[in-house]
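Heads up, the sequence shown is in the working numbering, so the first residue is 108 and it goes up one at a time.
Built from N, CA and C at the ideal position, the CB exists for glycine as well.
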Amino acid sequence: MNTRTQTTDFTPIDQDLYKKAFQLLDPDPDPIPEPAAPTALAAPAPVPLTATLPMRLTGPVEKTLTDALAFLDTHGWTRYSLINTQGARCSIGALRAAAGSRNTAYRDAGNLLLDEARRQHGKKWETIPSWNDCHSGVEVRSVWEAAIRRAHHLNI
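Below is the structure:
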């Protein structure tokens, strides 16, 4: 685009023309308040609050399952015994270690874990130890991870 900025036939525009045009468009504009002169002891300006998403707390079942899986990751997983000679535990042993006692979170986490084991490996499993002893570490971990996701989704 070719535009010439210096022409000899350019007529300057009257600046009051714009003011008159805007007054015609809005004859009664809202007055803009003049800023107040600052005082020596002016109050600090309020800080706007930012909208934040509500924080989701981890439920006791999800925490128990997550802690038990972390225990298995740290100490190792085993079959056929609650705790082996190297300190590795089976699934029920990890649940007991994570819960600290046989409380409600322990029972609910165990029920959710067994339910997920039945979903993935068939309804024949009656107990966590029987399921744990008949599956590989990869299969057991898959059930643990799915149970944690379900607990998170259910917010329990």
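Residues near Glu265 in its chain [Cβ-Cβ closer than 6 Å; skip 5 each side]: Look at the range of the chain in this structure, 108 to 263, and you will see that residue 265 is not part of it.
With 16 other Cβ atoms within 10 Å as the buried cut-off, status of Gly200: Locating residue 200 in the sequence shown gives position 93, counting from the first residue. Classification of Gly200: buried, given that the 10 Å Cβ count is 16 or more.
Beta carbon of Thr181 nearer than 7 Å to that of Ile255: As a first step, residue 181 is located in the sequence shown; it is residue number 74 there, counting from the start. As a first step, residue 255 is located in the sequence shown; it is residue number 148 there, counting from the start. With contacts defined as CB atoms closer than 7 Å, Thr181 and Ile255 fail to qualify as a contacting pair.
Below-7 Å beta-carbon distance, Pro167 vs any chain D residue: The question asks about chain D, but that chain is absent: this structure has only one protein chain.
Paired residues, beta bridge with Trp184 - DSSP: Taking the first residue of the sequence shown as position 1, residue 184 is located at position 77. Partner(s): Arg196.
For Ile190, the residue or residues it bridges with in DSSP: In the sequence shown, counting from the first residue as 1, residue 190 sits at position 83. Ile190 has Arg196 as its beta-bridge partners, per DSSP.
Integer-rounded CB distance, given that Thr171 should sit under 8 Å from Ala205: Stepping through the sequence shown from its first residue, residue 205 is reached at position 98. Stepping through the sequence shown from its first residue, residue 171 is reached at position 64. With a Cβ gap of about 5 Å, Ala205 and Thr171 count as contacting.
Val168 beta carbon less than 7 Å from that of Ile263: On the sequence shown, position 156 is the one that residue 263 refers to. On the sequence shown, position 61 is the one that residue 168 refers to. Yes; because the gap between Cβ atoms is below 7 Å, this pair is in contact.
Buried or exposed by the 16-neighbour rule on C-beta atoms within 10 Å, applied to Gly217: For the purposes of this step, residue 217 is taken as residue 110 along the sequence shown, with counting starting at 1. Buried.
Residue range of the unbroken alpha helix (DSSP H) whose run includes Ser249: Within the sequence shown, numbered from 1, the residue matching residue 249 stands at position 142. Its alpha helix (DSSP H) spans residues 244–261.
Cβ neighbour criterion (16 or more within 10 Å) applied to Glu107: The structure shown does not extend to residue 107, since the chain is modelled only from 108 to 263, so the question has no answer here.
Stretch pair the region 212–230 + the region 183–193: three plus CB contacts closer than 8 Å: no
Euclidean distance between Cα positions of Ser249 and Gly229: Reading the sequence shown from its first residue, position 142 is the one you call residue 249. Reading the sequence shown from its first residue, position 122 is the one you call residue 229. Spanning the two alpha carbons is a distance of roughly 14 Å.
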